[in-house]
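Student: Questions regarding the structure given below will be posed in turn.
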Amino acid sequence: MTSYLRQKFQSLTVSSGDAKDGEDTSENREETERTRVQAMKALVLERDPSAKEVDDLMIRRFLRARDLDVDKASAMFLKYLKWRREAVPNGFISPSEIRNDLAQDKLFMQGCDRAGRPIVVVFAARHMPASTTVDEFKRFVIYTLEKICARMPSGHEKFTSIADLQGWGYVNSDIRGYLAALSILQDCYPERLGKLLIINAPYIFMTAWKMVYPFIDKNTKKKIVFVEDKKLRATLLEDIDESQLPDCVGGPLKLVPIQDC
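Position one of the sequence shown corresponds to residue 1 (the UniProt record's numbering), numbered consecutively onward.
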């Protein structure tokens, strides 16, 4: 990514008016979270008995996504439960439901970052919206997120993603698809994304980025890094050990298609 694009991204970030992190760094944060997890569980169980099958870690992720506000997190979670029954009625997405998107060979997994989080690699120029539908792409997003979550190492809840935009053009632009994917990630899989490293971003991508950016919530925005072309390897090595780099960025690990994970 050129320094010009980086400046454009930073200007968008500044102009968005995001609040500061506002993280509770007090010693009692953990106890506060435990108390609010129990309060939220009681609240959502009252309204949806199916919530009894959900573990505390999921409840906590929704709480963190709403800055530990029990009412807001509960509303978000109840909406998620309803969404899941409608979007994933069988409990899973079959590869047969997303043949077109899988055929585009655009999403892979390989290795872990320095924090132990699995690495997901996306090739944006391989996404061809004309060859699929928004509904199928939504199912593809759900399928991939379920795969990623199932591959989480013990003790981890988040993943790191490298989005390679090399060769991206208007034929790949899919604002409806991007917004749908963003909504699913933020609203239904909150606090799963650890970091998003965007590499090889062409100038024309900023047109699409400006349309999507306002819909990214403040917590997600803090996890996005546009990587300058000249600093690509150095920036990746800040988060990923050289032995864990995928081969597409000069590392030793061969990428594995998401459907084979």
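All C-beta atoms in this analysis are idealised placements derived from N, C-alpha and C, irrespective of residue type, glycine included.
For clarity, every value in this text was computed on a predicted model and none was experimentally measured.
(1) In whole angstroms, what separates the C-alpha of Arg36 from that of Leu68?
(2) Counting pairs of Cβ atoms below 8 Å between the region 52-66 and the region 176-195, do you hit three or more?
(3) From Lys41 to Lys158, what distance separates their C-alpha atoms?
(4) Compare the beta carbon distance of Phe123 and Asp164 with 8 Å and say whether it is the shorter of the two.
(5) Return helix, strand or coil for Lys195, following the three-state DSSP convention.
(6) Note down the Cα distance separating Leu145 from Ile184, rounded to an integer number of angstroms.
(7) Applying the 10 Å Cβ sphere with the 16-neighbour rule, what's the burial state of residue 286?
(8) What's the gap between the Cα of Tyr203 and the Cα of Pro129?
(9) Just to confirm my understanding: we take Phe215, look at its own chain, exclude 5 residues before and 5 after, and list those with CB closer than 7 Å. What are they?
(10) Note down the Cα distance separating Val100 from Arg84, rounded to an integer number of angstroms.
(11) Applying the 10 Å Cβ sphere with the 16-neighbour rule, what's the burial state of Leu245?
(12) Are the CB atoms of Ile119 and Ile240 within a distance shorter than 8 Å?
(13) Rounded C-beta distance between Arg117 and His156? I'm assuming under 8 Å.
(14) CB Val256 to CB Phe108, shorter than 8 Å?
(15) Between Gln38, Arg114, Asp247 and Lys106, which has its C-alpha nearest Val141's C-alpha?
(16) Any idea if Ile175 is buried or exposed, counting beta-carbon neighbours within 10 angstroms, 16 or more meaning buried?
(17) Can the beta-carbon of Val197 be found less than 8 Å from the beta-carbon of Val225?
(18) Is Phe9 buried or exposed, if buried means 16 or more other CB atoms sit within 10 Å of its CB?
(19) CA-CA distance, Val212 and Asn200?
(20) Compute the Euclidean distance between the alpha carbons of Leu45 and Ala87, then round it to the nearest angstrom.
(21) Considering only the alpha carbon of each residue, which of Thr32, Leu78, Glu242 and Gly177 lies closest to Ile253?
(22) Secondary structure at Ser94, three-state DSSP: helix, strand or coil?
(23) Would the beta-carbon of Val134 fall within 8 Å of that of Gly177?
(24) In whole angstroms, what is the alpha-carbon distance linking Gln104 and Gly167?
(25) Could you spell out where the alpha helix (DSSP H) holding Met109 opens and where it closes?
(26) What span of residues does the alpha helix (DSSP H) with Thr220 cover, start to end?
Tutor: Quick look at the numbers:
(1) Going by the C-alpha atoms only, they are around 7 Å apart.
(2) yes
(3) 22 Å
(4) yes
(5) strand
(6) 9 Å
(7) For residue 286 there is no data in the structure shown, the boundaries of the chain being 1 and 261.
(8) 20 Å
(9) Leu179 and Leu182
(10) The question names Val, yet the displayed sequence has Asn at residue 100. One C-alpha to the other measures close to 22 Å.
(11) buried
(12) Yes, the pair counts as a contact, with Cβ atoms nearer than the cut-off.
(13) Sure, about 6 Å apart at Cβ, within 8 Å.
(14) yes
(15) Lys106
(16) exposed
(17) Rather than Val, the amino acid found at residue 197 in this sequence is Leu. Contact flag set, yes.
(18) Reliability fails at Phe9, whose pLDDT of 46 lies under 50, so the model's placement of it is uncertain and no value is given.
(19) 18 Å
(20) Approximately 21 Å between the Cα atoms of the pair.
(21) Reading off the sequence shown, one finds Leu at residue 253, where the question assumed Ile. Ranking the options by Cα distance to Leu253, first place goes to Glu242.
(22) coil
(23) yes
(24) 15 Å
(25) No alpha helix (DSSP H) holds Met109; the beta strand (DSSP E) holding it covers Leu107 to Cys112.
(26) Lys218 to Lys221
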